[in-house]
Ligand code: GAR
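Residue numbers (our numbering): 774 to 970.
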């Protein structure tokens, strides 16, 4: 069971700090993978600038008329873009769209997502805020396989992050992101070591 070189397609809608953590871990030789392309549903998303800064292909693919998913024809286009870049594994790094059958069937068992909570608690948007408002003592982040449910696929690994007295939504999210930047590259490296085929 040798080490497998993972060809990644990264999808993101926002700042792209998780993408940067993954790419820096790759460049540091800590993750045996290559980012083949970065695609965003938001044409002006900083994640695209970050990708270009690393000299990586970056493409905007606006979602169309829906808020939480892509129009089916656009999702087919996403599959084509990822295939054209020879992507094997799809990494959702702050991608604020639900993926549907076109993606799930094109990359079965090969789409993973990072979510800012200790799933199955606090699915959906601004999960850290939900944890804070619920009076939890702990929050965290989860990397999981993506299936047809929302934030429901099999959990791969989690990191616990304490909620401290005086935490605001911003301070808590920042602490969770530090954990995310450590967890996500480490999970990708484990998938590569598992010879994940
Ligand atoms: C991350 O905190 C990630 O967990 C969250 O979006 C942020 C993206 O940050 N994802 C979700 O909430 C998915 N439901 P980034 O653009 O700086 O990587």
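A virtual CB, placed ideally from N, CA and C, is assigned to each residue, including glycine. Predicted model, so just to flag it, every value in this text is computed and none were measured.
- Straight-line spacing of the CA atoms in residue 952 and residue 904 works out to 16 Å.
- Rounded to whole angstroms, the Cβ separation of residue 852 and residue 876 is 6 Å, and the two are in contact under 8 Å.
- The nearest non-hydrogen atom of the ligand GAR is 7 Å or more from the C-beta of residue 943.
- By the Cβ-count criterion, residue 804 is buried, with 16 or more other Cβ atoms from all chains shown falling within 10 Å of its own Cβ.
- Distance from the Cα of residue 802 is smallest, within the candidate group 830, 861, 778 and 787, for 778.
- Cα atoms of residue 902 and residue 866: separation of roughly 19 Å, rounded to the nearest angstrom.
- It is roughly 12 Å from the alpha-carbon of residue 859 to the alpha-carbon of residue 879.
- In the displayed model, residue 861 falls within coil according to three-state DSSP, outside both helix and strand.
- In the displayed model, residue 941 falls within coil according to three-state DSSP, outside both helix and strand.
- Taking 4 residues as the minimum length, the alpha helix (DSSP H) runs contained wholly in the region 848-896 are 874-879, in order along the chain.
- With contacts defined by Cβ atoms closer than 8 Å, residue 806 and residue 829 do not form a contacting pair.
- Judged by the Cβ position, residue 785 qualifies as a neighbour of the ligand GAR at the 7 Å threshold, a heavy atom of the ligand being closer than this.
- Short note on residue 936: C-beta not closer than 7 Å to any heavy atom of the ligand GAR.
- Bounds of the alpha helix (DSSP H) holding residue 793 are 790-800.
- Excluding five sequence positions before and after residue 897, the CB atoms of its chain that fall closer than 8 Å to its own CB belong to 903, 923 and 924, given in chain order.
- Residue 870 places its beta carbon less than 8 Å from that of residue 843.
- Taking the Cβ atoms as the reference, residue 917 lies roughly 6 Å from residue 927, within the contact range of under 8 Å.
- Annotation for residue 787: 815, 818, 819, 820, 867 and 869 place their beta carbon closer than 8 Å to its own, counting only its chain and skipping 5 residues before and after.
- When distances are taken from the beta-carbon of residue 791 to the heavy atoms of the ligand GAR, the shortest one is below 7 Å.
- With a threshold of 7 Å, the Cβ atom of residue 796 does not count as near the ligand GAR, since no heavy atom of the ligand is closer than that.
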